[in-house]
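A.B. asks: Line by line, the protein sequences give chains A and B.
For the first sequence, counting from 1, position 235 maps to 235 in my numbering; every step adds exactly one.
One gets my numbering by counting positions in the second sequence from 1 and adding 318 to each.
Pasting a structure here, questions to come.
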Amino acid sequence: MFWLNLAHAESLMPTAATDVAAQVDNLYKFLLISSFISCAILIGGMIFFAMKYKRKTDNDKTAYITHNTFLEFLWSFIPLVIFLGVFGWGWHIYHQMRHMPENGLEIHVTGKQWAWEVQYKSGVKTANLVVVPIDTDVKLILNSMDVIHSFYVPSFRIKQDAVPGRYTALTFNANKLGDFHIFCTEYCGTQHSGMIGTLKVVSKEDYDKWLEEESKVSTLPLAQRGEKLFQVKACAGCHSASDMSVKVGPTLYKKFGAEEELNDGQKLKVDENYVRDSILNPNTHIVKGFQANVMPSFQGQLSEVELSALIEYIKTLK
Amino acid sequence: MGTTTATHSGEINYINEFKGLKSWFTSLDHKRIGLMYMISVMFFFLLGGLAALLLRLELLKPGGQFLTPDQYNQVLTYHGAIMVFMVIIPGIPAVLGNFFLPLHIGAKDVAFPRLNLASWYVFMFGALLAASTMFTSKIDTGWTFYTPYSIKTGTAVVTMVLAAFIMGMSSILTGLNFIVTVHKLRAPGMTMHRMPLFVWALYSTAILQVLATPVLGITLLLLVAERTLGVGIFDPALGGDPVLFQHFFWFYSHPAVYIMILPAMGVVSELITTFSKKTIFGYTAIAYSSLGIAGVSFFVWGHHMFVSGQSEIAGIVFSFITMLVGVPTAIKMFNWLATLYKGSISFQSPMLYAMGFMFLFAIGGVTGIMLAVLATDVHFHDTYFVVAHFHYVMVGGTLMALMGGFYYWFPKMFGKMYNESLARLTFIFIFVGFNVTFFPQFILGAMGMPRRYFDYIPAYQSLNAISTVGSWLIGTGFLLSLYVLVQGLRKGEKAPANPWGSKTLEWTVPSPPIHTNFEVDPIVKAGPYEYK
Ligand SMILES: [Cu+2]
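Next up, the structure:
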């Protein structure tokens, strides 16, 4: 079934790409089998009795059975034992999920409406992209800038809320190369379902190479830096840059130099100052057909150089 | 009150004794108040159901169809809030409970009839206030109102939250009324252990309503204070703790799950005994497991928060206690199964719904265990697996029981019979449609699709499409039920006093009953299920 494979899903669960994920799957399989047996007893039993003791006449005699202590003990005790068993098993795996490595690779991940900002210790920043080396203990330190988000990687079977005002953490050790989905699983508003990222597991050499290349960004030409920033600051989540399609915000394709109509009917030429205002104080001009307070202000989050880089990049979108 | 009039059929009953709208709106008769609740709940069910159909239609394909993401989030919030606060919570207790609790225990009415009427007015005030937000700035927080989103969003959170507070008030009043009724108004000979299990279920529910709902009330008021005064309890920007809100919220809302399901379990006990003509197996176990569930359910709220950042030890404790609440639930299932053994089982529509309940509740139950296990919950939490699970419990459980109870008691409430074949057809549509809608959602959840998603990756397409088609079947089933109801009311044959051969007290009086329920005060000499 092709559509299952697309989601990294085999046998109805996404590819298990960590050790812990494989353990979760074993427990899940056990739960599935025991659930199937319980349902077979309950539902099968119900259908069997219903057929066997189907009413024949209105005066059928029925048995008068009020209780049976032994049976009642059995069907209280056996479920209890099973429940406690799976409780212990679940605890055992959960403990590994919660056990933070001593010397792991630490990466800061900040949730915001509606993107994941990722920051490496070397200073490299990405958005909606976490690159990690294979077979390495990784610890993600989570935080949120606005509302609660939840960082979920189905293939790793892990999930942790990112809460504003405090740090939470998540750990994993990936054992498969590849790209895996990151979803936000705590409802966070308009673009909640668009808050999708990629967790890329690469070889150790590729990881070092990638990190080095990313650190070189500051030596790139302005427009190219702007292009990177456009991704990193998640502008791309709300603005398209390559065609006229409208996302949450207006397209920026062929925008520079054009005339823009605003909500109050005023018309302005899109020049450097207009773009600068749009980024730092988005509420001063609202584009016709859009709402205020949707685009966050980037005041204090961009250096002057970065601002210029973004403007130079937007100029190149033709 | 209106005037007494003789009727064409010659019999005087609670429906025709007083005439005119005013006689309804001022009636202190628990039966009439039950019917008023029924009409209100049906109206809101229609509204919540329409919202559900819209959501499923939007999810037919990935990408936006006809709603914007914000509109989708609003529809989602109304669907949840309406179904929880205005349909499932009042559904069985306020409709069937109001009507049958006094009849079940041989009383003329509930203990505080005036309070009972007041609770309907309070409920309606809250419900209409909630609905009014649809015409103002709407609300998009989800029915859970999680902070800090609910503090920041620009929608009508304060009005909605106050409305939920007011409806909670009504729920407390009903609960209080029922507790006193059960303790004080039982007929001579109606000992606690001779009460029908439906009464036990309502009693346990009432205890939960009275003890848990105030906590929701306080939480919601704090949220209002937070939004209007910025007191800084939940808002991290002011030094508050947003996770504290979740603790408060689930401290009510987990017991509320049992407010929703216990009455359903009570109805099912009545249906299964009647339609297998057999005494209930393990009366004491069922009665006390209701109380047990009610008690333990206060200590499991943290199982909604395994990934919220709560400590590992808290997670372990909550997972453990949740397992304990699973046991009495399993006991009930086995008791119903054992009741069927050597019975005389007829497949009339109420029984079909009761068996549908057992089928769906079994699946809802085992998947509940999967969610209570720490390691698997981390994967399933806030995915469609959870959505599927609680629909199996709330819809597959509560709504199935409500429908079964409705068809079972319809002849008593209205004195008419409905069209049995059509009623069976409604079951088939709803049961099949339900499984087509919600079973694929288990798979979607296991595959990782998060809930409350306006859009999804293409890999989830096929299963979502199947689910949407299922929702149309359910919709058809409920529309058909509405038709069965109207047709039964207009053209139904006159119902005998006891069409099913039940043994509980309400079937000893004419259908429909008279205003004061019993011509002569009953004296009870035996238990409720003496099929010998
Ligand atoms: Cu989010």
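For each residue, glycine too, the CB sits at the ideal point set by N, CA and C.
On a predicted model such as this, the values are computed, not experimentally measured, just so you know.
Pull up the distance between the alpha-carbon of M13 (chain A) and that of M487 (chain B), whole angstroms please.
C.D. replies: One C-alpha to the other measures close to 44 Å.
A.B. asks: Under 8 Å between the Cβ atoms of P581 (chain B) and T640 (chain B)?
C.D. replies: No, the Cβ-Cβ distance between P581 (chain B) and T640 (chain B) is not below 8 Å.
A.B. asks: V542 (chain B) to F441 (chain B), Cα distance in whole Å?
C.D. replies: Cα to Cα, the separation comes out at about 20 Å.
A.B. asks: Grouping DSSP H, G and I as helix and E and B as strand, with all else coil, what is V138 (chain A)?
C.D. replies: Strand, per DSSP.
A.B. asks: Flag I65 (chain A) as yes if its beta-carbon sits less than 8 Å from any beta-carbon of chain B, otherwise no.
C.D. replies: It does; some Cβ of chain B falls within 8 Å.
A.B. asks: Which runs of the alpha helix (DSSP H) fall wholly inside the stretch 368-421 of chain B and span at least 4 residues, in chain order?
C.D. replies: As far as the stretch 368-421 of chain B is concerned, its whole alpha helix (DSSP H) runs of at least 4 residues are 387-399.
A.B. asks: In angstroms, rounded to a whole number, what distance separates the CA positions of F230 (chain A) and T126 (chain A)?
C.D. replies: Going by the C-alpha atoms only, they are around 10 Å apart.
A.B. asks: DSSP puts S150 (chain A) in a beta bridge; with which residues?
C.D. replies: Note: S150 (chain A) sits in a beta bridge opposite A:D161.
A.B. asks: In the DSSP assignment, what are the bridge partners of E260 (chain A)?
C.D. replies: A:L268, per the DSSP bridge assignment.
A.B. asks: Whole angstroms are fine: how far does the CA of V118 (chain A) sit from the CA of A865 (chain B)?
C.D. replies: The displayed coordinates of chain B run from 319 to 850. Any statement about residue 865 (chain B) would go beyond what the structure contains.
A.B. asks: Just list the alpha helix (DSSP H) runs in the stretch 756-836 of chain B, keeping only unbroken ones of 4 residues or longer that don't cross its boundaries, in chain order.
C.D. replies: Those alpha helix (DSSP H) runs which fall completely within the stretch 756-836 of chain B and span 4+ residues are 779-809.
A.B. asks: Which residue spans inside the stretch 616-692 of chain B form an unbroken alpha helix (DSSP H) run of at least 4?
C.D. replies: List check, alpha helix (DSSP H) in window: 630-658 and 667-690.
A.B. asks: Are the beta-carbon atoms belonging to P333 (chain A) and V147 (chain A) less than 8 Å from one another?
C.D. replies: Missing from the structure shown is residue 333 (chain A); chain A here goes from 1 to 318 and no further.
A.B. asks: Going by C-alpha to C-alpha distance, which of B:L339, B:G793, B:L365 and B:L421 sits closest to T744 (chain B)?
C.D. replies: Cα-wise, what sits closest to T744 (chain B) is B:G793.
A.B. asks: Against chain A, with Cβ distances strictly below 8 Å, would Y725 (chain B) count as a contact?
C.D. replies: For Y725 (chain B), the answer is no, since every Cβ of chain A falls outside 8 Å of its Cβ.
A.B. asks: Could you give the uninterrupted runs of the alpha helix (DSSP H) lying entirely in the stretch 187-241 of chain A, keeping only those of 4 residues or more?
C.D. replies: Segments of the alpha helix (DSSP H) lying fully in the stretch 187-241 of chain A: 204-215, 222-232 and 235-238.
A.B. asks: Report, in whole angstroms, the separation of the C-beta atoms of V248 (chain A) and T190 (chain A), which I expect to be a contact under 8 Å.
C.D. replies: Their Cβ separation, rounded to whole angstroms, is 7 Å, which keeps V248 (chain A) and T190 (chain A) in contact under 8 Å.
A.B. asks: Anything in chain B within Cβ reach of L190 (chain A), meaning under 8 Å, just list it in chain order.
C.D. replies: According to the sequence displayed, residue 190 (chain A) carries Thr and not Leu. Chain B residues near T190 (chain A): P387, D388 and N391.
A.B. asks: Please report the residue range of the beta strand (DSSP E) in which H285 (chain A) lies.
C.D. replies: No beta strand (DSSP E) contains H285 (chain A), which DSSP labels as neither H nor E.
A.B. asks: Under a three-way DSSP split, which group does F183 (chain A) fall into?
C.D. replies: Note: F183 (chain A) maps to strand in three-state DSSP.
A.B. asks: Just reading off the alpha helix (DSSP H) that P356 (chain A) is part of, what are its end residues?
C.D. replies: Nothing can be reported for residue 356 (chain A): it is not among the residues displayed for chain A, which extend from 1 to 318.
A.B. asks: How would you call T499 (chain B), buried or exposed, if buried means at least 16 neighbouring beta carbons within 10 angstroms?
C.D. replies: So T499 (chain B) counts as buried.
A.B. asks: Here's the rule I'm using: 16 or more other beta-carbon atoms within 10 Å means buried, otherwise exposed. How should I841 (chain B) be labelled?
C.D. replies: The residue in question, I841 (chain B), is exposed, as its Cβ has fewer than 16 Cβ neighbours within 10 Å.
A.B. asks: Between which two residues does the beta strand (DSSP E) carrying F172 (chain A) extend?
C.D. replies: First-last of the beta strand (DSSP E) with F172 (chain A): T168 to F172.
A.B. asks: Take the Cβ of V645 (chain B) as the centre, count every other Cβ of all protein chains shown within 10 Å, and call the residue buried at 16 or more, exposed below.
C.D. replies: V645 (chain B) should be labelled buried.
A.B. asks: Give me the Cα-Cα distance between Y847 (chain B) and K56 (chain A), rounded to the nearest whole angstrom.
C.D. replies: Taking the straight line joining both Cα atoms gives about 20 Å.
A.B. asks: Inspect the beta-carbon positions of G85 (chain A) and S637 (chain B) and report whether they are closer than 8 Å.
C.D. replies: It is not a contact, given that the beta carbons lie outside the stated cut-off.
A.B. asks: Name the DSSP beta bridge partners of I107 (chain A), please?
C.D. replies: Looking at the DSSP assignment, I107 (chain A) forms a beta bridge with A:L140.
A.B. asks: Flag S587 (chain B) as yes if its beta-carbon sits less than 8 Å from any beta-carbon of chain A, otherwise no.
C.D. replies: Answer no: the Cβ-Cβ gap between S587 (chain B) and chain A never drops below 8 Å.
A.B. asks: In chain order, what residues of the same chain have a beta carbon less than 6 Å from the beta carbon of A813 (chain B), not counting five sequence neighbours either side?
C.D. replies: Contacts found: P729, G733, K734, M735 and S829.
A.B. asks: Using a C-beta to C-beta distance shorter than 8 Å, which residues of chain B count as neighbours of D60 (chain A)?
C.D. replies: Within 8 Å Cβ-Cβ: K595 and S662.
A.B. asks: Strictly below 9 Å CB to CB, what residues from chain B border S278 (chain A)?
C.D. replies: By Cβ distance, chain B contributes nothing, its closest Cβ being about 21 Å from S278 (chain A), past 9 Å.
A.B. asks: Tell me whether N5 (chain A) is buried or exposed, calling it buried when 16 or more other Cβ atoms sit within 10 Å of its Cβ.
C.D. replies: Per-residue confidence for N5 (chain A) stands at a pLDDT of 40, beneath the threshold of 50, marking its modelled position as unreliable; the derived number appears in the next sentence. The residue in question, N5 (chain A), is exposed, as its Cβ has fewer than 16 Cβ neighbours within 10 Å.
A.B. asks: Nearest CA to the CA of F552 (chain B): which residue from B:R770, B:I469 and B:S629?
C.D. replies: The candidate whose alpha carbon is nearest that of F552 (chain B) is B:I469.
A.B. asks: Quick one, are the C-beta atoms of G795 (chain B) and V705 (chain B) less than 8 Å apart?
C.D. replies: No, the pair does not count as a contact, with Cβ atoms beyond the cut-off.
A.B. asks: In angstroms with no decimal places, state the Cα-to-Cα distance between T316 (chain A) and P554 (chain B).
C.D. replies: Cα to Cα, T316 (chain A) sits roughly 41 Å from P554 (chain B).
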